[in-house]
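Step one of this worksheet: look at the structure below.
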Amino acid sequence: MRIIVTGATGMLGQDVLRVLAAQGHECLGTSSADFDLRDAAAVLAAVKAFQPEAIVHCAAWTAVDAAESEPVACCAVNGMGTLNIARAAVAVNARLLYISTDYIFDGSGDTPREEYDKPNPRNVYGLSKLQGEEAVRSLTSRHFILRVSWLFGHGGGNFVETIRRLGQEKSQITVVDDQIGSPTYTLDLARLIAQMIITERYGTYNVTNEGFCSFADFARVILRADGSRCRVIPIPSSQYPSAARRPLNSRLSKRSLDENSFPRLPIWEDALRRYIVGD
Ligand SMILES: NC(=O)c1ccc[n+]([C@@H]2O[C@H](COP(=O)([O-])OP(=O)(O)OC[C@H]3O[C@@H](n4cnc5c(N)ncnc54)[C@H](OP(=O)(O)O)[C@@H]3O)[C@@H](O)[C@H]2O)c1
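My numbering puts the first residue of the sequence shown at 51, with every later residue one more than the last.
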């Protein structure tokens, strides 16, 4: 297939581009150097020039805390920018796969969120990504919306690398233990995206590595895998002030994957082990 991957310089986009190209697809990876998502004419021109059969839209404003002080700019990229991508996809009759987030939910309760549960974002970034979802849903039925969480991968700075660095520098660190979710390896996610995009099993999917943990649990496993003796002191989110509120319950149900016969991703500890050894 001819496929455009937006955000191809980003952590997820790099893996998506690599996996799709390795499978023989004819790919065009784009970043802000090729076009700004907010520029509708530039988006349409680039998409029309390549004539893709599919677009995997990984590009986004991902600075969650900065979004609180720059809501208009964040929503312009994630909301309007995604609308521009969806319009361009419709113009060339391409299917569209959009990457969304667990942050569209409010994090209440302690059970996994179903795909059909009502979104209720608690921060500007979550709101902007929900605007992107709504743009995609309203413009094209030929869409996949993937809500992913807690990404780590070789193509960008991430929680795993932060903890590994701190583990070399400090004897103990404080990490929040009341946000529960699922770490997700971008390479595993990219492989599933490659499986999905060649089908017509459209819809909204929660996609993460299997298993739930807190950030404190995640940090402990990272440090152990690295052979670090640094201790993790668990703290509540209230003792870790940040501009954006984060959902406490980021557990996501995998009902759509199961019902549409897509495989679940491997458990997160296995994904982390492969990431650390370089697979
Ligand atoms: N990271 C996470 O933990 C996480 C969790 C849930 C969901 N997600 C979602 O997963 C996707 C990938 O995230 P990521 O962490 O891999 O992203 P990332 O590393 O921050 O990369 C963002 C990409 O978007 C591009 N971009 C940003 N603003 C743009 C604009 N105005 N016009 C065109 N391109 C623009 C960047 O291009 P330049 O390099 O040119 O700036 C870059 O390629 C995003 O949709 C994000 O919302 C991420």
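Glycine included, C-beta positions come from ideal geometry on N, C-alpha and C.
Given the structure is predicted, the values throughout are model-derived calculations rather than measurements.
Check: Just checking, does the stretch 92–110 make contact with the stretch 54–61 on the three C-beta pairs under 8 Å criterion?
Finding: yes
Next item on the list: Name the two residues that bound the continuous beta strand (DSSP E) containing S119.
Entry: Mapped onto the sequence shown, residue 119 falls at position 69. Looking at the DSSP string, S119 is not in any beta strand (DSSP E); the run it does join, the alpha helix (DSSP H), is 116–119.
Note to self: So the candidates are L70, A116, N128; which of them puts its Cα closest to the Cα of D89?
What the structure shows: Locating residue 89 in the sequence shown gives position 39, where the first residue counts as 1. Among L70, A116, N128, the Cα nearest to that of D89 is on N128.
Next item on the list: Closer than 5 Å is what we want: which residues have a beta carbon that near any heavy atom of ligand 1? List them in chain order.
Entry: G57, T59, G60, M61, L62, S81, S82, D86, L87, C108, A109, A110, T112, V127, I149, T151, V198, L201, G206
Notebook entry, point to check: If you draw a straight line from the C-alpha of F194 to the C-alpha of V69, how long is it?
Noted result: Against the sequence shown, residue 194 aligns to sequence position 144. Against the sequence shown, residue 69 aligns to sequence position 19. Looking at the two C-alpha atoms, the distance is approximately 18 Å.
Next item on the list: Locate the alpha helix (DSSP H) running through V327, then write down its first and last residues.
Entry: To locate residue 327, count along the sequence shown from 1; it is residue 277. That run of the alpha helix (DSSP H) goes 318–327.
Next item on the list: Would you kindly check if the distance between the Cβ of A136 and the Cβ of V337 is under 8 Å?
Entry: There is simply no residue 337 to check, as the chain begins at 51 and stops at 329 in what is shown.
Notebook entry, point to check: Does DSSP classify T80 as helix, strand or coil?
Noted result: As a position in the sequence shown, residue 80 is number 30, starting the count at 1. Strand, per DSSP.
Check: Can you tell me the Cα-Cα spacing of S287 and E76, whole angstroms?
Finding: By one-based count along the sequence shown, residue 287 stands at place 237. By one-based count along the sequence shown, residue 76 stands at place 26. So the two alpha carbons sit approximately 44 Å from each other.
Check: In terms of alpha-carbon separation, which member of V198, E165, Q229, R281 lies closest to R214?
Finding: Stepping through the sequence shown from its first residue, residue 214 is reached at position 164. The option with the nearest alpha carbon to R214 is R281.
Item checked: Nearest neighbour of W318, chosen from Y175, A113, T258 [CA to CA] -> Translated into positions along the sequence shown, residue 318 becomes position 268. Among Y175, A113, T258, the Cα nearest to that of W318 is on T258.
Check: Using the rule of at least 16 other Cβ atoms within 10 Å of the residue's Cβ for burial, across every protein chain shown, is A144 buried or exposed?
Finding: Here residue 144 refers to the residue found at position 94 of the sequence shown. With 16 or more Cβ atoms within 10 Å of its Cβ, A144 is classed as buried.
Margin query: By alpha-carbon positions, which one of V66, R192, V122 ends up nearest to I243?
Written below: Residue numbering aside, residue 243 sits at position 193 when the sequence shown is read from its first letter. Nearest of V66, R192, V122 to I243, Cα basis: V66.
Next item on the list: Could you check if A270 is buried or exposed, using at least 16 other CB atoms within 10 Å of its CB as the buried criterion?
Entry: Counting from one through the sequence shown, the residue named residue 270 turns up at place 220. As written in the sequence, residue 270 is Arg, which differs from the Ala given in the question. R270 is buried by the Cβ-count criterion.
Next item on the list: Would you please state the rounded distance, in angstroms, between the beta carbons of R197 and I247? I believe it to be under 8 Å.
Entry: Position 147 of the sequence shown, counted from the start, is the residue given in the question as residue 197. Position 197 of the sequence shown, counted from the start, is the residue given in the question as residue 247. Between I247 and R197 the Cβ distance is about 16 Å, and since that is not below 8 Å, they are no contact.
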